[in-house]
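Protein chains: 2
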Amino acid sequence: MNPAQEQHPKIRSTAEAQRQRIVAEAVPVFARAGYHATPVTEVAEAAGVSPAYVFRLFPGKLGLFVATVEHCYESVRRALVEGGESTGEAAPDTVLDAMSEAYIQLIGDRDLLMLQVHAQSACDVPEIRQAVRRGLKDIVTTVSETSGADAASVQRFFAYGQLCHLIVQADLSAVDAPWAKTLSDGIRHADDITPKEV
Amino acid sequence: MNPAQEQHPKIRSTAEAQRQRIVAEAVPVFARAGYHATPVTEVAEAAGVSPAYVFRLFPGKLGLFVATVEHCYESVRRALVEGGESTGEAAPDTVLDAMSEAYIQLIGDRDLLMLQVHAQSACDVPEIRQAVRRGLKDIVTTVSETSGADAASVQRFFAYGQLCHLIVQADLSAVDAPWAKTLSDGIRHADDITPKEV
DNA sequence: ACAGTTACTGATTAGTCAGTCACTTAAATA
DNA sequence: TATTTAAGTGACTGACTAATCAGTAACTGT
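So the protein lines, in turn, are chains W and P. Numbering-wise, the numbering used here puts 165 at position 177 of the first sequence, and it's gapless, one number per residue. Numbering-wise, the numbering used here puts 70 at position 82 of the second sequence, and it's gapless, one number per residue.
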């Protein structure tokens, strides 16, 4: 039921344009509480359309979530490429460092990090697991090729990336204690304006 | 109506004993799909009691989950201590390596790893976030003190620990591709009997 | 002008699940 | 034995939510 729709860009909003818009709006919504804890209604509301229409545009909540996750991975990938290319033709480890820095910058708007985390933890749903694998595959490949670093360095890159996820999830920036500093040292981003919690 | 009882069906246990038993039974149940996607009924069924009784023993589903998460962190902590102490009085990095090995062993029964993951991703619920922080605090402290390693090494330990989580979540052992090997190299556990998926 | 297509919604349904309550049964104690 | 206390459950409810459908409004080509 999806014949050719890309010709000249129409002024009126097409179904495809709405799909993309809704997916973009869905990122922060799903990023808050994840797949299972986020009703489609919330996404619809954020996008300013009726829930019924979301179900018409996507094959169920699952389809919507998968599309959102794919969008998220693609955004992350682009951010990494940009960060890496900003160094020009440098040594592999230098490029990798620049990519790390780019990833740390993403902590700024937590959404992309959190959505990945939620996608990962919903991996018991086969479609989501496959989306996660596809996204990981793209990012691992991109990082490897763009940086030219060896496997061990790439692995280290992802290990510390996952550590970022933990720090964001538990909001360790808000914890003022030695153990929290141990985990987030060097990763902590500049915007530590968050009030202190216990 | 619940045949899953022990030898003497007459004897009753105390509420406290049941609480502990139910928490232990809850670990693998919550480990499958996480907090939001797991109905209390499933836990009750696994423990061989009625859902109503679970609600009587715990302050709501949230209380049950928090108790389960705490139990999980304590198990992990003990496993790490055991692994670390098996080296006797060795150099910090040696102890840390032994702990890493102990953690990798935990991949064997995925449950403890997955429950941590689900707890982390449910951190938008304040009570869960605080439980995660308490658990992390204990483990970071234990690892630091038991190994005597410096902060950077401890941070690295947790970074690769989080990488383990990703590997287990997406079940990368079942993926036979270069990018998957890059991520799981050296972490892959011996039991790679899982059939290959795409 | 009109017919046909496409965007979009209100109303509804069927199912799930957290939590409660009145109740039964078993042990402890007097 | 009688009374009290604690373990444990069936049967409900009220709230929520994924998904559907019949329909209306807006745009398009002819």
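Cβ coordinates follow ideal geometry from the N, Cα and C atoms, glycine included.
- Within-8 Å CB hit, V54 (chain P) to chain W: Stepping through the second sequence from its first residue, residue 54 (chain P) is reached at position 66. Not an interface residue.
- DSSP on V113 (chain W), reduced to helix/strand/coil? Taking the first sequence and counting its residues from 1, one reaches residue 113 (chain W) at position 125. V113 (chain W) falls in the coil class under three-state DSSP.
- Collapsed DSSP secondary structure at V57 (chain P) in the structure displayed: The count along the second sequence starts at 1 and reaches residue 57 (chain P) at position 69. Helix.
- Query: Quick one: does Q157 (chain P) have its CB under 8 Å from some CB of chain W?
  - Reply: Working through the second sequence from its first residue, we reach residue 157 (chain P) at position 169. Chain W contact via Cβ: present.
- Query: So the alpha helix (DSSP H) T170 (chain P) belongs to, where does it begin and stop?
  - Reply: One-based indexing of the second sequence puts residue 170 (chain P) at position 182. Looking at the DSSP string, the run of the alpha helix (DSSP H) that includes T170 (chain P) is 166 to 172.
- For L171 (chain W), which option in P:V131, P:R176, P:S74, P:S63 has the closest C-alpha, if you only look at C-alpha atoms? Locating residue 171 (chain W) in the first sequence gives position 183, counting from the first residue. Checked all of P:V131, P:R176, P:S74, P:S63; the closest Cα to L171 (chain W) is P:V131.
- Query: Going by alpha carbons, who is nearest to V156 (chain P) out of P:E33, P:V120, P:G96?
  - Reply: Stepping through the second sequence from its first residue, residue 156 (chain P) is reached at position 168. The shortest C-alpha separation from V156 (chain P) is found at P:G96.
- Per-residue burial, Q104 (chain W) [other beta carbons within 10 Å of its own, 16 or more giving buried]: On the first sequence, position 116 is the one that residue 104 (chain W) refers to. Burial call: buried.
- Query: Which ranges would you report for the alpha helix (DSSP H) in the stretch 22 to 59 of chain W if only whole runs of at least 4 residues count?
  - Reply: 28 to 35, 39 to 45
- Query: Should the stretch 30 to 42 of chain W be regarded as contacting the stretch 67 to 78 of chain W, the criterion being three or more beta carbon pairs within less than 8 Å?
  - Reply: no
- Message: Are the CB atoms of F53 (chain W) and Y23 (chain W) within a distance shorter than 8 Å?
- Response: Numbered from 1 along the first sequence, position 35 holds the residue referred to as residue 23 (chain W). Numbered from 1 along the first sequence, position 65 holds the residue referred to as residue 53 (chain W). Cβ atoms of Y23 (chain W) and F53 (chain W): closer than 8 Å.
- Any C-beta of chain P under 8 Å from that of L154 (chain W): As a first step, residue 154 (chain W) must be located in the first sequence, where it is residue number 166. Judged by the 8 Å Cβ criterion, L154 (chain W) is in contact with chain P.
- Query: Among residues of its own chain, excluding the 5 on either side of P166 (chain P), which ones have a beta-carbon nearer than 6 Å to its beta-carbon?
  - Reply: As a working mapping, residue 166 (chain P) is identified with position 178 in the second sequence. Cβ within range, chain order: n/a, list empty.
- Residue range of the alpha helix (DSSP H) that D159 (chain W) falls in? The sequence position of residue 159 (chain W) within the first sequence is 171, counting from 1. It is not in any alpha helix (DSSP H) - D159 (chain W) carries neither H nor E in the DSSP assignment.
- Task: Determine which residues of the stretch 106 to 124 of chain P have a Cβ less than 7 Å from any Cβ of chain W, and write them out in chain order.
- Result: H106, Q108, S109, C111, D112, R117, V120, R121, L124
- Using a C-beta cutoff of 8 Å, does T170 (chain P) count as contacting chain W? Here residue 170 (chain P) is taken as the residue at index 182 of the second sequence, counted from 1. So yes, T170 (chain P) belongs to the interface.
- Along the stretch 6 to 36 of chain W, what residues have a CB closer than 7 Å to any CB found in chain P? R20, A21, G22, H24, A25
- Message: Counting beta carbon pairs with one atom in the stretch 103 to 123 of chain P and one in the stretch 119 to 127 of chain W, are three or more of them shorter than 8 Å?
- Response: no
- Query: What residue range is occupied by the uninterrupted alpha helix (DSSP H) comprising T75 (chain P)?
  - Reply: Position 87 of the second sequence holds residue 75 (chain P). Element bounds for T75 (chain P): n/a, residue is neither H nor E.
- Would you mind sorting G149 (chain W) into buried or exposed? The rule is 16 or more other CB atoms within 10 Å of its CB. Here residue 149 (chain W) is taken as the residue at index 161 of the first sequence, counted from 1. So G149 (chain W) ends up on the buried side.
- Which residues, in order along the stretch 63 to 91 of chain W, keep a beta-carbon less than 9 Å from a beta-carbon of chain P? none
- Message: Quick check on this structure: which residue in W:A12, W:P114, W:S135, W:L160 has the alpha carbon closest to the alpha carbon of C111 (chain P)?
- Response: Position 123 of the second sequence, counting from 1, holds the residue named residue 111 (chain P). Cα-wise, what sits closest to C111 (chain P) is W:L160.
- Item | Pair within 8 Å by beta-carbon distance, A137 (chain P) and L84 (chain P) | Position 149 of the second sequence holds residue 137 (chain P). Position 96 of the second sequence holds residue 84 (chain P). Yes, they are a contact pair.
- Smallest Cα separation from A55 (chain P): which of P:I10, P:Q143, P:A140? Within the second sequence, residue 55 (chain P) is the residue found at index 67, counting from 1. The shortest C-alpha separation from A55 (chain P) is found at P:I10.
- Task: Measure from the alpha carbon of L68 (chain P) to the alpha carbon of each residue in P:E58, P:G48, P:E89, then state which is nearest.
- Result: Within the second sequence, numbered from 1, the residue matching residue 68 (chain P) stands at position 80. If we check each option's Cα against that of L68 (chain P), P:E89 comes out closest.
- State buried or exposed for A79 (chain W), treating a residue as buried only when at least 16 other CB atoms are found within 10 Å of its CB. Counting from one through the first sequence, the residue named residue 79 (chain W) turns up at place 91. Looking at its Cβ environment, which holds fewer than 16 other Cβ atoms inside 10 Å, A79 (chain W) is exposed.
- Message: Just to confirm, is the Cβ distance from L101 (chain P) to H59 (chain P) under 8 Å?
- Response: Sequence index remark: in the second sequence, residue 101 (chain P) carries index 113 (1-based). Sequence index remark: in the second sequence, residue 59 (chain P) carries index 71 (1-based). In this structure, H59 (chain P) does not lie closer than 8 Å to L101 (chain P) by Cβ.
- Task: Note down the Cα distance separating I175 (chain P) from Q108 (chain P), rounded to an integer number of angstroms.
- Result: By one-based count along the second sequence, residue 175 (chain P) stands at place 187. By one-based count along the second sequence, residue 108 (chain P) stands at place 120. Roughly 21 Å separates the two Cα atoms.
- Item | Beta carbon proximity, S135 (chain P) to chain W, threshold 8 Å | Here residue 135 (chain P) corresponds to residue number 147 of the second sequence, with the count starting at 1. Not an interface residue.
- Based on Cα-Cα distance, which residue from W:A19, W:R144, W:T26, W:V57 lies nearest to Q189 (chain W)? Past the boundaries of the shown model lies residue 189 (chain W); chain W is included only from -11 to 186, so the question cannot be answered.
- Under 8 Å between C-beta atoms, does D99 (chain P) make it to chain W? As a first step, residue 99 (chain P) must be located in the second sequence, where it is residue number 111. Closer than 8 Å: no.
- Just the Cα atoms here: how many angstroms apart are E4 (chain P) and D99 (chain P)? Numbered from its first residue, the second sequence carries residue 4 (chain P) at position 16. Numbered from its first residue, the second sequence carries residue 99 (chain P) at position 111. Rounded to whole angstroms, E4 (chain P) to D99 (chain P) spans 24 Å at the Cα level.
- Any Cβ of chain P within less than 8 Å of the Cβ of L50 (chain W)? Within the first sequence, residue 50 (chain W) is the residue found at index 62, counting from 1. Not an interface residue.
- Query: Cα separation between G48 (chain W) and K169 (chain P)?
  - Reply: In the first sequence, residue 48 (chain W) corresponds to position 60, counting from 1. In the second sequence, residue 169 (chain P) corresponds to position 181, counting from 1. In a straight line, the C-alpha of G48 (chain W) is about 33 Å away from that of K169 (chain P).
- Item | chain W contact residues for L151 (chain P), given Cβ-Cβ distances below 8 Å | Here residue 151 (chain P) refers to the residue found at position 163 when the second sequence is read from its first residue. In chain order: Q143, F146, A147, Q150.
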